[in-house]
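Residue numbers (the numbering used here), protein chains in the order written: chain G, 307 to 492; chain F, 34 to 257. So the structure is just underneath, and the comments pick up after that.
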């Protein structure tokens, strides 16, 4: 009887250990996704001097997917004649977005939560001034409750587009580029 | 007498060195598994595959060297298993998080490892050793892991699972990769389930038997 009990305890112990390792890995990824990455700005200049401006704010993900998606959206906008600025959501990024016609904000999503750094940035913007705002996320599930969390913090615009990129989708680059093109057409 | 003692000392030193080398190989697998994690998470399949090759290399080498140098031990066997389990759990966790592996596969691996640890404890029994001093027999507890063929096969498949899930999504179109991986995962889990049922059946039988017969059951399990 004692041996059976010890066997059951070993079984439970191993399961608990494995769950702890999984939670540890998940916590590592979520922490990295929430970290403020500091100041970053990359400008994709337009051919025309008086070109309209667009801002793409993205939180880099542990994989390179987040960066690739942001750059493809920016490429779509740039090819449509916009001067695009790519930035990380940071306390150092100006919350004044009045100079931009289109603003895109996105991050990876883990455990149904968007990046806290992105959420804080969107909250810090006092007025989106009626501009077109794209909120996007990258995750493994099709549902996007995380984007509702972000859109709840948006002030000053109703022109909000939401889009979810699936991490397993190989064509996310093309879709992101098309999304950039579509945004510029609005 | 002195030269004999020196010979024994040098032989012992050599054995210790070999034992350390083998366990260092096993330990390096833990470090390599930790290094694999950021490679999978950052979407670097080339580096991930190179690390996987190194991990499988250490797994093959440590057991082979331990047997060749006669330094195989119970502690080493447990350490090897712990390193293997940690590798599978870390790599599968990373692949689940990046959406390259279904969550249920990690759950199935966790269940199999937990069942293996518990049934190994139950099935490994006492064995009789001869005390060289008194010449009398004494019972020695043996808690070595107890393997079975189906379980070994499913263990190999669990260990190999990160390779196809990384490769398939790189090479194949998504629906084909998904179907292929799911098929492989179902086979792995099927083998694992058969192995678990067999081991639990043996545990139920072993509960009724006395110690020597339990050893025989352990031997039967080894032979299958």
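Heads up, the beta-carbon is just placed ideally off N, CA and C, and yes, glycines get one too.
Shorter than 9 Å from the beta carbon of residue i to some beta carbon of chain F?
| i | result |
| --- | --- |
| residue 368 (chain G) | yes |
| residue 256 (chain G) | No statement about residue 256 (chain G) is possible, as the shown extent of chain G runs from 307 to 492 and does not include it. |
| residue 446 (chain G) | yes |
| residue 337 (chain G) | no |
| residue 341 (chain G) | no |
| residue 473 (chain G) | yes |
| residue 309 (chain G) | yes |
| residue 332 (chain G) | yes |
| residue 502 (chain G) | Missing from the structure shown is residue 502 (chain G); chain G here goes from 307 to 492 and no further. |
| residue 371 (chain G) | yes |
| residue 412 (chain G) | no |
| residue 327 (chain G) | yes |
| residue 506 (chain G) | Because chain G in this structure spans residues 307 to 492, residue 506 (chain G) falls outside the shown range and cannot be described. |
| residue 479 (chain G) | no |
| residue 409 (chain G) | no |
| residue 324 (chain G) | yes |
| residue 466 (chain G) | no |
| residue 313 (chain G) | yes |
According to DSSP, which residues form a beta bridge with residue i?
| i | result |
| --- | --- |
| residue 350 (chain G) | G:390 |
| residue 416 (chain G) | G:419 |
| residue 411 (chain G) | G:363, G:441 |
Under a three-way DSSP split, which group does residue i fall into?
| i | result |
| --- | --- |
| residue 334 (chain G) | helix |
| residue 327 (chain G) | helix |
| residue 450 (chain G) | coil |
| residue 492 (chain G) | coil |
| residue 134 (chain F) | coil |
| residue 475 (chain G) | coil |
| residue 398 (chain G) | coil |
| residue 71 (chain F) | helix |
| residue 109 (chain F) | helix |
| residue 177 (chain F) | coil |
| residue 121 (chain F) | helix |
| residue 345 (chain G) | coil |
| residue 434 (chain G) | coil |
| residue 358 (chain G) | coil |
| residue 307 (chain G) | coil |
| residue 157 (chain F) | coil |
Contact criterion: CB-CB distance below 9 Å. Does residue i meet it with respect to chain G?
| i | result |
| --- | --- |
| residue 192 (chain F) | no |
| residue 76 (chain F) | yes |
| residue 197 (chain F) | no |
| residue 215 (chain F) | no |
| residue 84 (chain F) | no |
| residue 178 (chain F) | no |
| residue 222 (chain F) | no |
| residue 235 (chain F) | no |
| residue 65 (chain F) | no |
| residue 47 (chain F) | no |
| residue 105 (chain F) | no |
| residue 88 (chain F) | no |
| residue 228 (chain F) | no |
| residue 81 (chain F) | no |
| residue 61 (chain F) | no |
| residue 238 (chain F) | no |
| residue 219 (chain F) | no |
| residue 129 (chain F) | yes |
| residue 109 (chain F) | no |
| residue 184 (chain F) | no |
| residue 126 (chain F) | yes |
| residue 116 (chain F) | no |
Ends of the beta strand (DSSP E) at residue i?
| i | result |
| --- | --- |
| residue 467 (chain G) | 466-472 |
Quick check: the Cα distance between residue i and residue j, rounded to an integer number of angstroms?
| i | j | result |
| --- | --- | --- |
| residue 368 (chain G) | residue 397 (chain G) | 20 Å |
| residue 400 (chain G) | residue 84 (chain F) | 42 Å |
| residue 67 (chain F) | residue 119 (chain F) | 9 Å |
| residue 355 (chain G) | residue 393 (chain G) | 21 Å |
| residue 326 (chain G) | residue 150 (chain F) | 17 Å |
| residue 116 (chain F) | residue 139 (chain F) | 16 Å |
| residue 204 (chain F) | residue 121 (chain F) | 22 Å |
| residue 109 (chain F) | residue 95 (chain F) | 9 Å |
| residue 235 (chain F) | residue 224 (chain F) | 17 Å |
| residue 344 (chain G) | residue 487 (chain G) | 28 Å |
| residue 372 (chain G) | residue 192 (chain F) | 29 Å |
| residue 454 (chain G) | residue 310 (chain G) | 49 Å |
| residue 447 (chain G) | residue 468 (chain G) | 15 Å |
| residue 144 (chain F) | residue 329 (chain G) | 16 Å |
| residue 484 (chain G) | residue 375 (chain G) | 11 Å |
| residue 444 (chain G) | residue 194 (chain F) | 24 Å |
Could you give the residue range of the alpha helix (DSSP H) that holds residue i?
| i | result |
| --- | --- |
| residue 460 (chain G) | Here residue 460 (chain G) belongs to no alpha helix (DSSP H), and DSSP marks it neither H nor E. |
| residue 191 (chain F) | 182-193 |
| residue 376 (chain G) | 371-385 |
| residue 406 (chain G) | Neither: residue 406 (chain G) is in no alpha helix (DSSP H) and is coded neither H nor E. |
| residue 95 (chain F) | 78-101 |
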